[in-house]
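Peer 1: Structure incoming, see below.
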Amino acid sequence: MTQNADDAALDQRQISPELRLAAVRPKEAGRLLDPHELDLPRDRNQAILEAAKQVGAILKRNEYEFALAGSVAVYAHGGTGNLQHDADFCIKPEDAGPVADTLRASGLEVFAPPEDWLLKAKCLGQDIDLIFELAHQPVDSDLLRRADTLSVDSVQMPVLAPTDLMRSLLSAFSEHHCNFGAVLPIARALREKVDWEQVRETCGNAPMPDAFLYLLERLEVIAPQKDGR
13 MTQNADDAAL
23 DQRQISPELR
33 LAAVRPKEAG
43 RLLDPHELDL
53 PRDRNQAILE
63 AAKQVGAILK
73 RNEYEFALAG
83 SVAVYAHGGT
93 GNLQHDADFC
103 IKPEDAGPVA
113 DTLRASGLEV
123 FAPPEDWLLK
133 AKCLGQDIDL
143 IFELAHQPVD
153 SDLLRRADTL
163 SVDSVQMPVL
173 APTDLMRSLL
183 SAFSEHHCNF
193 GAVLPIARAL
203 REKVDWEQVR
213 ETCGNAPMPD
223 AFLYLLERLE
233 VIAPQKDGR
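Residue numbers (the numbering used here): 13 to 241.
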């Protein structure tokens, strides 16, 4: 889910005031998270997990509605521990500003990239995406209420339900972004937990998700459509 942003474009980005956040360096006083002062794990996957745990703990402590997403969510549901580039969290659009303020108060750097559907942060040297639009829809309380509370490397936090997680991955497919190889092992790992008919109803009419679902059928990862093709 990582979207690369050009930091030089931040000052030119025109978005609503509550989402327009300047890059902020950690405060000298009360600094909580500084990768240069903490004994970070050498393993990149463990470093991403540690960052996810820190951010999840801050969001829990301040009673925000949220859910872990992306590759760390897959890991929490029993999938591969080969994490991708960052840790992703779903938050409601109206909470974006307050969440950013809370994270900055905890010593994190928070900024607004050119993309208008997320904020970005840095925690323990790792990238954090704070997503308020998922699968082309604003994150809402219904989505977050469906989240499962799971242990993420010993820290309990809400994690996107497997069906919502799979829908978000397939909805991201397009002619310009269609890496079936990255999502195939996730589909294999979560296949028993996903409502595939619901996934088809949501995004199966689009060409790339439809092609991926057909691939899963041919590989016998999922059953064919009930009404055939």
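Note that beta-carbon positions come from the ideal geometry of N, C-alpha and C, so glycine has one too. Here the structure is a predicted model, which is why all the values come from computation and not from measurement.
First and last residue of the beta strand (DSSP E) that includes Ala-99?
Peer 2: Against the sequence shown, residue 99 aligns to sequence position 87. 98 to 103 is the span of the beta strand (DSSP E), which, as asked, contains Ala-99.
Peer 1: Alpha carbon to alpha carbon, how far is Leu-231 from Ile-143? Give it in angstroms, no decimals.
Peer 2: Here the question's residue 143 lines up with position 131 in the sequence shown. Here the question's residue 231 lines up with position 219 in the sequence shown. So the two alpha carbons sit approximately 32 angstroms from each other.
Peer 1: Report the CB separation of Leu-136 from Ala-63 in whole angstroms; it is logged as a contact under 8 angstroms.
Peer 2: Your numbering for residue 136 matches position 124 in the sequence shown. Your numbering for residue 63 matches position 51 in the sequence shown. That belief holds up - the Cβ atoms of Leu-136 and Ala-63 are roughly 5 angstroms apart, short of 8 angstroms.
Peer 1: With distances taken Cα to Cα, identify the nearest neighbour of Lys-72 among Ala-85, Val-86, Phe-123, Val-111.
Peer 2: Counted from its first residue, the sequence shown places residue 72 at position 60. For Lys-72, the nearest C-alpha among the options comes from Val-111.
Peer 1: Going by C-alpha to C-alpha distance, which of Gln-138, Ala-201, Ala-133, Phe-192 sits closest to Ala-117?
Peer 2: On the sequence shown, position 105 is the one that residue 117 refers to. That would be Ala-133, whose Cα lies nearest to the Cα of Ala-117.
Peer 1: Leu-95 and Asp-165: beta carbons closer than 7 angstroms?
Peer 2: For the purposes of this step, residue 95 is identified with residue 83 of the sequence shown, where counting begins at 1. For the purposes of this step, residue 165 is identified with residue 153 of the sequence shown, where counting begins at 1. It is not a contact, given that the beta carbons lie outside the stated cut-off.
Peer 1: Taking Asp-128 as the reference, which of Leu-120, Glu-145, Leu-228 has the closest Cα?
Peer 2: Working through the sequence shown from its first residue, we reach residue 128 at position 116. It is Glu-145.
Peer 1: Here's a check: name, in chain order, each residue in its chain whose Cβ is nearer than 6 angstroms to the Cβ of Arg-200, leaving out the five neighbours to either side.
Peer 2: As a first step, residue 200 is located in the sequence shown; it is residue number 188 there, counting from the start. Val-233, listed in sequence order.
Peer 1: At the level of alpha carbons, what is the spacing between Asp-100 and Leu-80?
Peer 2: On the sequence shown, residue 100 is found 88 positions in, with the first residue counted as 1. On the sequence shown, residue 80 is found 68 positions in, with the first residue counted as 1. Spanning the two alpha carbons is a distance of roughly 6 angstroms.
Peer 1: Straight-line CA distance for Asp-248 to Thr-175?
Peer 2: Lying outside 13 to 241, the shown extent of the chain, residue 248 is not represented and no answer is given.
Peer 1: Would you report the Cα separation of Leu-177 and Cys-102, rounded to the nearest angstrom?
Peer 2: As a first step, residue 177 is located in the sequence shown; it is residue number 165 there, counting from the start. As a first step, residue 102 is located in the sequence shown; it is residue number 90 there, counting from the start. Straight-line Cα distance between these residues: approximately 11 angstroms.
Peer 1: Comparing alpha-carbon positions, which option in Gly-93, Leu-120, Glu-121, Leu-131 lies nearest Gly-109?
Peer 2: Position 97 of the sequence shown holds residue 109. Closest by alpha carbon: Leu-131.
Peer 1: With which residues is Thr-114 paired in a DSSP beta bridge?
Peer 2: Here residue 114 refers to the residue found at position 102 when the sequence shown is read from its first residue. Note: Thr-114 sits in no beta bridge, so no partner.
Peer 1: Check whether the Cβ atoms of Asp-98 and Asp-55 lie closer than 7 angstroms to each other.
Peer 2: Taking the sequence shown and counting its residues from 1, one reaches residue 98 at position 86. Taking the sequence shown and counting its residues from 1, one reaches residue 55 at position 43. No, Cβ-Cβ distance for Asp-98 and Asp-55 is not below 7 angstroms.
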